[in-house]
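Colleague: Right, I'll just put the structure down here and ask away after.
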Amino acid sequence: MSEKLDISFDAISEALHGFPFPEVDLVLGIARGGIAPACMIAHQLGAALKIVRISHRNDANEPLYQEPVVVSDFDWDLFSHHRILIVDDVSVTGKTLAVVKTRLSGHEVHTFVLKGTADFVLFPKVKSCVAWPWKNAIDA
């Protein structure tokens, strides 16, 4: 297996501060990997933050289901938030983001990832696996 690229909190924070985000009312983080970046973005934008848990793969990155499944109790009544930014750390196929985006029809929804495929990508040139700085804290 190839070695993972280390990207520090400082590097992520610096890149986020220079990023041209769309105007949003709510940042919706995808648990688990999207929690830290969603918190950072919501704070930076002064937007509300909610977290939804979607399951598709286990901790060893092996598929659990054919398609991503919402596994958290989540209030989808977001009527006061019309402009929503869905945030995850990585999106390879876009399936997880698409499941959430479908649930939010009728809202202006944008997707954002640190790496991979989305409307907005923080590190579009990074193609290798990344050792995110929060990964060890989440798994502890």
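Just so we're aligned, residue 1 is where the sequence shown starts under my numbering, counting upward by one. In this text, a Cβ means the ideal position worked out from N, Cα and C, and glycines have one as well.
According to DSSP, what are the bridge partners of Thr-93?
Modeller: In the sequence shown, the residue the question calls residue 93 occupies position 93. Bridge partners of Thr-93: none, in fact.
Colleague: Pull up the distance between the alpha-carbon of Leu-114 and that of Lys-50, whole angstroms please.
Modeller: As a first step, residue 114 must be located in the sequence shown, where it is residue number 114. As a first step, residue 50 must be located in the sequence shown, where it is residue number 50. Rounded to whole angstroms, Leu-114 to Lys-50 spans 18 Å at the Cα level.
Colleague: Between Ser-8 and the rest of its own chain, which residues show a CB-CB distance below 7 Å, the 5 nearest in sequence each way excluded?
Modeller: Indexing the sequence shown from 1 puts residue 8 at position 8. Contacts found: Pro-133.
Colleague: Could you give the distance in angstroms between the alpha-carbon of Gly-34 and the alpha-carbon of Val-87?
Modeller: Counted from its first residue, the sequence shown places residue 34 at position 34. Counted from its first residue, the sequence shown places residue 87 at position 87. About 6 Å.
Colleague: I'd like the ranges of any beta strand (DSSP E) spanning at least 3 consecutive residues and lying wholly in the region 1–42.
Modeller: Here the runs fully enclosed are 26–31.
Colleague: Just to confirm, is the Cβ distance from Asp-13 to Met-40 under 8 Å?
Modeller: Here residue 13 refers to the residue found at position 13 when the sequence shown is read from its first residue. Here residue 40 refers to the residue found at position 40 when the sequence shown is read from its first residue. In the sequence under discussion, the amino acid at residue 13 is Ser, which differs from the Asp named in the question. Yes, Cβ-Cβ distance for Ser-13 and Met-40 is below 8 Å.
Colleague: Can you grab the Cα-Cα spacing for the pair Leu-97 / Asp-10, in whole Å?
Modeller: Here residue 97 refers to the residue found at position 97 when the sequence shown is read from its first residue. Here residue 10 refers to the residue found at position 10 when the sequence shown is read from its first residue. Each residue's Cα considered, the two are about 26 Å apart.
Colleague: Mind checking which residues open and close the beta strand (DSSP E) that includes Leu-114?
Modeller: Numbered from its first residue, the sequence shown carries residue 114 at position 114. Where Leu-114 is concerned, the enclosing beta strand (DSSP E) stretches over 108–116.
Colleague: Per DSSP, what kind of secondary structure is Ala-131 in: helix, strand or coil?
Modeller: Position 131 of the sequence shown, counted from the start, is the residue given in the question as residue 131. In the structure shown, Ala-131 sits in a strand (DSSP, three-state: E or B).
Colleague: Would you tell me roughly how many angstroms separate the C-alpha atoms of Pro-37 and Asp-89, rounded to the nearest one?
Modeller: Position 37 of the sequence shown, counting from 1, holds the residue named residue 37. Position 89 of the sequence shown, counting from 1, holds the residue named residue 89. Taking the straight line joining both Cα atoms gives about 7 Å.
Colleague: Where does Val-126 sit, in a helix, a strand or coil, going by DSSP?
Modeller: As a first step, residue 126 is located in the sequence shown; it is residue number 126 there, counting from the start. Note: Val-126 maps to coil in three-state DSSP.
Colleague: Going by other Cβ atoms of all chains shown within 10 Å of its Cβ, with 16 needed for buried, is Ala-15 buried or exposed?
Modeller: For the purposes of this step, residue 15 is taken as residue 15 along the sequence shown, with counting starting at 1. Answer is exposed; the Cβ neighbour count stays below 16.
Colleague: Using the C-alpha atoms, what's the distance from Lys-4 back to Cys-129?
Modeller: On the sequence shown, residue 129 is found 129 positions in, with the first residue counted as 1. On the sequence shown, residue 4 is found 4 positions in, with the first residue counted as 1. Straight-line Cα distance between these residues: approximately 5 Å.
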